[in-house]
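Novice: In this note's numbering, the protein residues as written are -19 to 287.
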Ligand SMILES: CC(C)(COP(=O)(O)OP(=O)(O)OC[C@H]1O[C@@H](n2cnc3c(N)ncnc32)[C@H](O)[C@@H]1OP(=O)(O)O)[C@@H](O)C(=O)NCCC(=O)NCCS
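1) For residue 167, which residues from the same chain have a beta carbon less than 7 Å from its beta carbon, with the 5 sequence-adjacent residues on both sides left out?
2) Touch check for the stretch 272 to 282 and the stretch 146 to 156: three-plus C-beta pairs under 8 Å?
3) Hey, is residue 89 close to ligand 1, as in C-beta under 7 Å from one of its heavy atoms?
4) Exposed or buried, which one is residue 20 when buried takes at least 16 other CB atoms within 10 Å?
5) Taking the Cβ atom as the reference point for each residue, do residue 119 and residue 283 lie within a distance shorter than 8 Å?
6) Decide if the stretch 218 to 228 is in contact with the stretch 120 to 137; the criterion is three or more beta carbon pairs, one per stretch, under 8 Å apart.
7) Would you say the beta carbon of residue 15 comes nearer than 7 Å to a heavy atom of ligand 1?
8) Where residue 200 and residue 241 are concerned, what is the direct C-alpha to C-alpha distance, given to the nearest angstrom?
9) Any idea what DSSP makes of residue 39, helix, strand or coil?
10) Apart from the five residues just before and just after residue 126, which ones in its own chain have a Cβ nearer than 8 Å to its Cβ?
11) Using 8 Å as the Cβ pair cut-off and three pairs as the minimum, do the stretch 211 to 218 and the stretch 100 to 110 touch?
12) With three or more beta-carbon pairs closer than 8 Å as the criterion, would you say the stretch 51 to 66 touches the stretch 162 to 180?
Have a look at this one:
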């Protein structure tokens, strides 16, 4: 993959921060680091896909998806960074920024240029950016058993917080019997109101601004005969239900979870479901498994305190 250095200054945000060479903490000269905003989306997509050709879970990106990703997760391309060696992109890493929250995402180095200090240099640059933003901590998540990345983050001082599940359910009406419930279907505005009342501890990916940015939200409430009740917010796309947030407001989360998930899948029987970063200890997970959910893979959420 190559880039045209002359194009670097043609981008709208060019000039905000200069590229520079720097050694990593290990003393190896890593690369020149250039703000990601100096690259086109097409270049960033090409770079990302090249760094992930051998990724533990295939996640190919295209331009549309990267634009959505940057929008939904408040990625700051001026603060995100690309490592180059002459006209060759070696790797990249992105920084998501919201008030009180900073996270690293999309880190990757070309397979042929790994173990040369580039990944560490990219990470150290983003950690420095987070310090300049006066963030008190940086978070990220890493797929479990992705040892190169996990050991890199440990080396930089990140600690494990918890495990997050990426879960799926194939289309189909629910076959499990659940307690009878009263159902109320709600629209986007009411979904946003409910998210304002959430009691869970979302990751950056499932935080309320991520859901607000991604749009097309729906919600439902259920109430069981014994008064147990709860609500659920989700995103409906053409083929998939996504971004599930389940909340039990009264009673037993297992029974409420069964009713919520029964209701959503009885309403949308033709849609596949994929939801990311459900905490492994979430009290609704058992109910989800009883209604046909499977774990695709899990991530480790990590945090580096800066104060
Ligand atoms: C993770 C990744 C970015 C590391 O990049 P890199 O340039 O090879 O890493 P560095 O050379 O800077 O290594 C820095 C430290 O990371 C750790 N590390 C990197 N590769 C490792 C490996 N294969 N096994 C164990 N530790 C490893 C080591 O602690 C290393 O320090 P050391 O050289 O003193 O032992 C790279 O492997 C990659 O792009 N992987 C695919 C994409 C990916 O997993 N991205 C992260 C998603 S969360």
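Note that the Cβ used here is the ideal one computed from N, Cα and C, for glycine as well.
Remember, predicted model here, so these are calculated numbers, not experimental data.
Specialist: Result, derived from the coordinates:
1) If you number the chain shown from 1, residue 167 lands on position 187. Excluding positions up to five away in sequence, the list reads 198.
2) yes
3) In the chain shown, the residue the question calls residue 89 occupies position 109. The answer is yes for residue 89.
4) Position 40 of the chain shown holds residue 20. Exposed, by the Cβ-count rule.
5) Mapped onto the chain shown, residue 119 falls at position 139. Mapped onto the chain shown, residue 283 falls at position 303. For residue 119 and residue 283, yes; Cβs fall inside 8 Å.
6) no
7) Numbered from its first residue, the chain shown carries residue 15 at position 35. Flag unset: Cβ of residue 15 not near ligand 1.
8) Taking the first residue of the chain shown as position 1, residue 200 is located at position 220. Taking the first residue of the chain shown as position 1, residue 241 is located at position 261. A straight line joining the alpha-carbon of residue 200 with that of residue 241 spans about 10 Å.
9) Counting from one through the chain shown, the residue named residue 39 turns up at place 59. Residue 39: coil per DSSP, three-state reduction.
10) Taking the first residue of the chain shown as position 1, residue 126 is located at position 146. Cβ within range, chain order: 36.
11) no
12) no
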